[in-house]
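Residue numbers (my numbering), protein chains in the order written: chain A, 2 to 406; chain B, 2 to 406.
C-beta: ideal position from N, C-alpha, C; glycine also.
Predicted model only: the values in this text are computed from it and were never measured.
Quick notes on the structure that follows.
2 protein chains.
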Amino acid sequence: MEPSPALVLDDDPSVGTAAVSTPALAVDAQYWADPAPLPLDCGQTLSAVQVAYETWGRLNAAADNALVVCHALTGDAHAAGVAPGATRPGWWDALIGPGRGLDTDRYFVVCANVLGGCRGTTGPASPHPADGRPYGSRFPPLTVRDIVRLQARLAQALGVQSIVAVIGGSLGGMQALEWAILDPDRVRAVVTIGASLAHSAQGIAYNLIGREAIHLDPAWQGGDYYASGRHPDRGLALARMIGLITYQSAESLRRKFDRRLAQDSTAPPDPATRFQVESYLQYQGSSLVRRFDANSYLVLSRAMDLHDLAYGRGSLAQALGQVPPHTRTLAIGISSDILFPPGLQQGIVRALHAAGRQATYAEIDSPWGHDAFLLEYDQLTPLLRQFLATVSDGSHRGVAGHGSR
Amino acid sequence: MEPSPALVLDDDPSVGTAAVSTPALAVDAQYWADPAPLPLDCGQTLSAVQVAYETWGRLNAAADNALVVCHALTGDAHAAGVAPGATRPGWWDALIGPGRGLDTDRYFVVCANVLGGCRGTTGPASPHPADGRPYGSRFPPLTVRDIVRLQARLAQALGVQSIVAVIGGSLGGMQALEWAILDPDRVRAVVTIGASLAHSAQGIAYNLIGREAIHLDPAWQGGDYYASGRHPDRGLALARMIGLITYQSAESLRRKFDRRLAQDSTAPPDPATRFQVESYLQYQGSSLVRRFDANSYLVLSRAMDLHDLAYGRGSLAQALGQVPPHTRTLAIGISSDILFPPGLQQGIVRALHAAGRQATYAEIDSPWGHDAFLLEYDQLTPLLRQFLATVSDGSHRGVAGHGSR
């Protein structure tokens, strides 16, 4: 709960924690080419889809010890370990490893880069199979369900018969909830952190600002910028800056920066005055540009807006009625989250209970806002450990069709 | 507390209230040319400064019945009444008039457009005295104190001997607090609504986003766009959209829009899906462009960032020590304000008490966020009426130098 100055100039909020990856952790970025066309909710179909993923631990003989970790908007498959040549561990390294909250001595952990992303899985910067040029403006709009359907195919391809739990925060938490409905026979439990049954009006509003910032950058060129030598770096940086404000809180920004001046800055009212919070946001905005694609930001933030468990399923109650009665859900709220306030996680639990389904609420007490799911490992570790211990093993899940294990 | 759908497509949140201006209210935009150069906190000096202002009611013989109303970032001097040719009353019309909270039968109410603005008072779009061309990028950075010093000169020019109260919300509330320090002999009371002792790190962060949006618009041209025929309309609209989110709350956006679709929009996941909250923000952003100048937005939002009562006065305690002991302050918080949470108003009262000064806290219970100061007249009216009744008349204020009244 102390101020966390180490965060100030780091690219990733997960840096600054005490946990450091052990060399024993395997880091193997792998690629899977989906042999079948992927029909999307929008009516279009993607073909020649590739998925980048990493795994930790080993799939057991029954193929029923998998944990699926879903990343957030600008995350990627590299959830744990130090990649060759990299200096930083993955974004959930403190949670994934031998003896950690997601214990790789026991579980087979899989994390895939999302469809529409830009870190190895097919997205707007990928070559269109028809002409080999980047999709750009031709990339179709996606839903969280499209993202999950592709990952379920990956799980199938990896031979996973049963998933102990699908776990994710933010956009990852939205995916986890959809998994329970879209792959009910395989998924035994869901952990959703800082997410919601449907994206809020305020969340849609913030995402709109980010997209308009990218559209405003003349280098965006309607989305077909890849061959031009100009990328919408300023627009993407601005979108990131807006996001970063919503991932924190008034209190976390006060603790980290208050009204302190940036280094070498002059005091107000000098026109050259720069506050630390400004240099932080500008630095972080510029940092994202080096590892992320603006069109992916557009597609994935829109997928968040479209997230609504009820959509196309009649009603929320009917949608949740598709979650099997044996599926367990842990919804974790973050006390200071301004983007997904705790009430939204409590709403998930209430709705599941109303549908006669199992669900538990837990709350991370943190001043760091939405980002707490990337920071508060001391609280997340026991929550995850205890919850996973309550999930029945594959032999008790009572689902027909997997009796051969 | 009911949903307020009338707000959805209106330019100004003050519209949609029951109050309608009575024709009996005088609406007289007037202009005052400051004969003296105005030294600014940044070290520069402005000359040939003009102020646009409106007044309601009459200054009494003792010239001690004035109320000064200070407007917010994109407001103007037209606080009440219907201007000739206009269809809408001023932004605080429901509070200013005969028998209203700020009773024009009793008080002489003055509201001036702020320095740096674009509604009649000298700002970046005004002609530079040296060459008659708009200031543009030559306009100096301002502080809230600069804004208040000019208004104090106006009060002097209008013959106001004593001010019953300076009243404002948001940037207007910051001005009110500075008035108490900068013109201590004239000001008997201050009402500050949704403001703070110093702008918060989160507030600075949001303002940075708005300025970067304007800077990102190629039509901004470094601020010298007036003669080019191209104005940074898209950047200003985006800045406004960001502001609007912070003026509301997750709950108010949920009540007004939730996930409803815009008229004639198709349902998700169709790529053409548009949510009402998106069309609302885009409409409101475009609306501001018709009445506001992007450079004024830059200058005034920066003045908010620089707002800090302690700056240049040693410490906060020393700054508040300059408020006379007889000055009364009413700090009004708004329960759902995400830009100036109630704790900031409570902080004003605590700091004044610690300095041995009079101060009272009151809270507006509202779901509408920061905008509540433009909406919750049923709560504001009795608060203002009761508070003003406690302010001593000029003869009891115990200040030397005005005994000739």
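Practice task
Could you tell me which uninterrupted alpha helix (DSSP H) segments, each at least 4 residues in length, are contained entirely in the segment 131-155 of chain A, listed from first to last along the chain?
Solution key: Segments of the alpha helix (DSSP H) lying fully in the segment 131-155 of chain A: there are none.
Practice task
Look at the alpha carbon of B/P383 and the alpha carbon of A/T193, and state the distance between them as a whole number of angstroms.
Solution key: 46 Å
Practice task
In the DSSP assignment, find the unbroken beta strand (DSSP E) run with A/W57 in it and report its ends.
Solution key: A/W57 -> beta strand (DSSP E) spans Q51 to W57.
Problem - Where A/F258 meets chain B, residues with beta-carbon distance less than 9 Å - result: Per Cβ cutoff of 9 Å: A202, I205 and A206.
Problem - Simplified DSSP state of A/R292, which is helix, strand or coil - result: coil
Practice task
Helix, strand or coil for A/F374, going by three-state DSSP, please let me know.
Solution key: If DSSP states are grouped into helix, strand and coil, A/F374 belongs with the helices.
Practice task
Give me the Cα-Cα distance between B/S280 and A/I205, rounded to the nearest whole angstrom.
Solution key: 11 Å
Exercise for the section: Compare the C-beta of B/L96 with all C-beta atoms of chain A and state if any pair is closer than 8 Å. Expected result: no
Problem - Assigned secondary structure, B/R89 (DSSP; H/G/I helix, E/B strand, else coil) - result: coil
Handout entry: Those runs of the alpha helix (DSSP H) which lie wholly inside the segment 226-251 of chain B and span at least 4 residues
Key = 234-248
Handout entry: Neighbour list for B/L183 in chain A, Cβ cutoff strictly below 7 Å
Key = None at all; the shortest Cβ gap to chain A is about 14 Å.
Exercise for the section: Report the rounded CA-to-CA distance for B/H216 versus B/G322, giving the unit in angstroms. Expected result: Distance from the CA atom of B/H216 to the CA atom of B/G322, rounded to whole angstroms, is 40 Å.
Handout entry: Cβ-based neighbour list, A/G160, same chain, cut-off 6 Å, excluding 5 preceding and 5 following
Key = The residues A64, in chain order, have a CB closer than 6 Å to that of A/G160 in the same chain once the five nearest residues on each side in sequence are set aside.
Problem - Separation of A/G133 from B/E252, as counted between CA atoms - result: 46 Å
Problem - Nearest candidate by alpha-carbon position, reference A/R303, set A/R358, A/Q359, A/S127 and A/N208 - result: A/N208
Practice task
Tell me whether B/Y32 is buried or exposed, calling it buried when 16 or more other Cβ atoms sit within 10 Å of its Cβ.
Solution key: exposed
Practice task
Taking only beta carbons into account, state which residues of the segment 263-277 of chain A come closer than 9 Å to chain B, listed in chain order.
Solution key: A268, P269, P270, D271, P272, T274, F276 and Q277
Handout entry: Rounded distance between the beta-carbons of B/V167 and B/V69, thought under 8 Å
Key = 4 Å
Handout entry: Test: B/M242 CB closer than 8 Å to a CB of chain A
Key = Put simply, the CB of B/M242 is near chain A, with a gap under 8 Å to one of its CB atoms.
Practice task
Please confirm if A/A25 has its CB atom under 8 Å from at least one CB of chain B.
Solution key: Confidence is the limiting factor: at A/A25 the pLDDT is only 31, short of 50, which leaves the residue's position unreliable and the question unanswerable from this model.
Practice task
With 8 Å as the threshold, decide whether the Cβ of B/I148 is near any Cβ in chain A.
Solution key: no
Problem - Contact between the segment 83-99 of chain A and the segment 284-302 of chain A (3+ Cβ pairs under 8 Å) - result: no
Exercise for the section: With DSSP collapsed to three states, give me the class of A/P128. Expected result: strand
Exercise for the section: Quick one: measure Cβ to Cβ for A/P125 and A/S336, integer angstroms, because I've assumed they're closer than 8 Å. Expected result: Rounded, the Cβ-Cβ distance is 36 Å, inconsistent with contact.
Practice task
Kindly indicate which three-state DSSP category B/A199 falls into: helix, strand or coil?
Solution key: strand
Handout entry: Beta-carbon proximity list for B/H200, same chain, < 6 Å, skipping 5 on both sides
Key = Once the five neighbours on either side are set aside, the close Cβ partners of B/H200 are M305, D306 and H308.
Problem - Residue of B/A196, B/A220, B/D379 and B/A30 minimising C-alpha distance to B/G411 - result: Outside the modelled stretch of chain B, which goes from 2 to 406, sits residue 411 of chain B, for which no answer is possible.
Exercise for the section: Mark B/D294 as exposed unless 16 or more other C-beta atoms lie within 10 angstroms of its C-beta, in which case mark it buried. Expected result: buried
Exercise for the section: Output yes or no for whether 8 Å exceeds the beta carbon distance between B/P141 and B/C43. Expected result: yes
Exercise for the section: For the alpha helix (DSSP H) containing B/L172, list its first residue and its last residue. Expected result: L172 to L183
Practice task
Pick out whichever of A/H354, A/I339 and A/L345 has its Cα sitting closest to the Cα of A/P326.
Solution key: A/H354
Handout entry: Reduced DSSP secondary structure (H/G/I, E/B, other) of A/P219
Key = Here A/P219 sits in helix by DSSP.
Exercise for the section: Could you pull out every unbroken beta strand (DSSP E) segment of at least 3 residues lying fully inside the segment 299-385 of chain A, listed in chain order? Expected result: 329-335 and 359-365
Handout entry: Outcome for A/G315 when other beta-carbon atoms lying within 10 angstroms are tallied against a minimum of 16
Key = exposed
Practice task
Inspect the CB distances between the segment 252-267 of chain B and the segment 80-94 of chain B and report whether three or more fall short of 8 Å.
Solution key: no
Handout entry: Option in A/H79, A/L39 and A/R150 with minimal Cα separation from A/W57
Key = When each option's Cα is compared against that of A/W57, the closest is A/H79.
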